[in-house]
Structures are given as structure tokens and as C-alpha cells.
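Contents: one structure, followed by commentary.
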Amino acid sequence: MRLTDAFAAESKLRPKFIPYVMAGDPNLATTEAVVRALARNGATAIELGIPYGDPLADGPTIAAAGARALAAGVTIEDVLALVARLAPEISASIVLFTYFNPLDRYGLERFARDAAGAGAGAVIVPDITLEESEELRAIFARHGIDVPMLVAPSTPPERAVKIAAASTGFLYIVSRLGVTGAASEPDFAPMRRQVAALRAATDLPLALGFGVSRSEHVRAIADNVDAAIVGSAFIDALAGLSGEDAVAAADRFVAELFAHD
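Note that my numbering has the sequence shown beginning at 7, numbered continuously upward.
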């Protein structure tokens, strides 16, 4: 499903929900079951991480999840096969989250073709700059794959507008500097100022991530952004679980995160 269609659909959750799941942690069967559960619980899109050994933007929780998936032998081909099983059957758009190096090794054109064929809606590549992303964005656009770009608190306003213009699907607003994770309490005041300026520059949905982990965070941002991206806190909630136990934990996590609704 394309992100445009996913965001246009009605959602019982406010703001819309984009959870992050590391493919293959602890195994691919559990990942598949958890993704299906997240879609049933109202996720608009699901970020599906492709495990990589040098994840620069990932905090310790997601990095450890990726290491476990790599140790289990999970490959890009495995992740794309998982997408192909899920995409026709769930209501959420699947957003692949990866880094440039594994994409480059696989081949950009080949990856775009295979991701589109599997039914992925978008790909996020956090370690590529606006200027470096031109070829990548063009290749994915030819295959109907969106490429959401990231805007950080330190991004100058003029550059943030350029990034918004280049982004497709949604614009990823980073709540704070540093890596992913819920280690420190987020300060949403700078984000609100940035979002106000970006609303005037783009019609794209705005999604906030990095440090969003609890119900009070979701309440605090619901009037400012269109979607909340939650990764490390969700992975922590499923730590050590597999199969139906992981599915039950996913159900509880979503219910508690949106308990204010």
C-alpha cells in the first residue's frame, strides 16, 4: 500500500501510529505475527527494519535487535519475502528502514524493483543526505516507492523546506539530536516551532520519531503532527518474547500507548 492511501484512510488512533519492528528479531515468524497484530490494532504504516551491522542512527535497543536478527541469518531477501507475504493482506503501508551501504551492495535499481514487487510502500535511508539522495529518490520514484526524508531539530529552516520538497510519503521529524531510543525525556517545544514553519511549506503528513515512548508523549504531540513513530520502546516491550507471547505484548503496548483515546 502506498503511504498516500494509508494516510488518507480513517484511523481509530490519534495521532496515526507508525511502529518500528526489526525484521527477524527474534525470528521471522514472530515478526510476521507482530506486524499483522500491529495492523489489526490500527497502525497506519509499519517501519520494518532491515538488519545491518553498522546502524549509525540506531540507539542501543534497535542496534541490539538488529544484531540478533543478523545472528539468526536474516538477509535482505528474507525481509523482502516477508513483505511479499504481508503486504497483500494487511491494511498498513510497509516502510522499509535500511542504510545506504546494504542498498548499494544489493543494487539500488534491483532493490527498488524487488521492494515494489513485494508490495512495500516506502523506504527510509537515514544516513544519506539530501544532496546524496537525488539518484536514489529518482530510482525509487520510477518504481512507485516513496522516500520519506528526515528533518532534525538542528536543521536550518531553509534546508528543512528543501528536504520537505524532496520527501515523499511523509516527512520524518526527529524530536531530538542523537540516536533512536527513549533514554532521555523529549522536549517537544522546538519541534512545535519547526512543525509550524513546515506546515506552511508542505502538504505532506508530518511524523515524529526518536524518543516517543509513552502515552503522555503521544498526547503531547497529537495536536502538532500527523503520526507518532515508536521504535525502541516497542522493541523493549517485546524483549525476549516470541510467537503468541510477542503478539499479546504488542496488543498491550498499543492499547496502553493510546489509552487516552
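Using N, Cα and C, we set each Cβ at its ideal position, and we do this for glycine too.
- Note on arginine 143: 16 or more other CB atoms within 10 angstroms of its CB, so buried under the neighbour-count rule.
- Here threonine 174 has Asp152, Val153 as same chain residues with Cβ atoms under 6 angstroms from its own Cβ, once five neighbours each way along the sequence are excluded.
- In this chain, tyrosine 58 is not harboured by any beta strand (DSSP E), its DSSP state being neither H nor E.
- By the Cβ test, the region 65-73 is not in contact with the region 110-124, since fewer than three Cβ pairs between them sit closer than 8 angstroms.
- The Cβ atoms of proline 32 and serine 248 sit closer than 9 angstroms to each other.
- DSSP places leucine 212 within a strand segment (E or B) once states are collapsed to three.
- The region 18-34 makes contact with the region 44-59: 3 or more CB pairs, one atom from each, lie closer than 8 angstroms.
- When DSSP reads this structure, alanine 233 sits in a beta bridge with Lys22, Ala213.
- Counting along the chain, the unbroken alpha helix (DSSP H) around phenylalanine 240 starts and ends at 238-243.
- DSSP places serine 173 outside both helix and strand once states are collapsed to three, so it counts as coil.
- Considering only Ala35, Glu16, Ala12, the residue with the shortest C-alpha distance to alanine 252 is Ala35.
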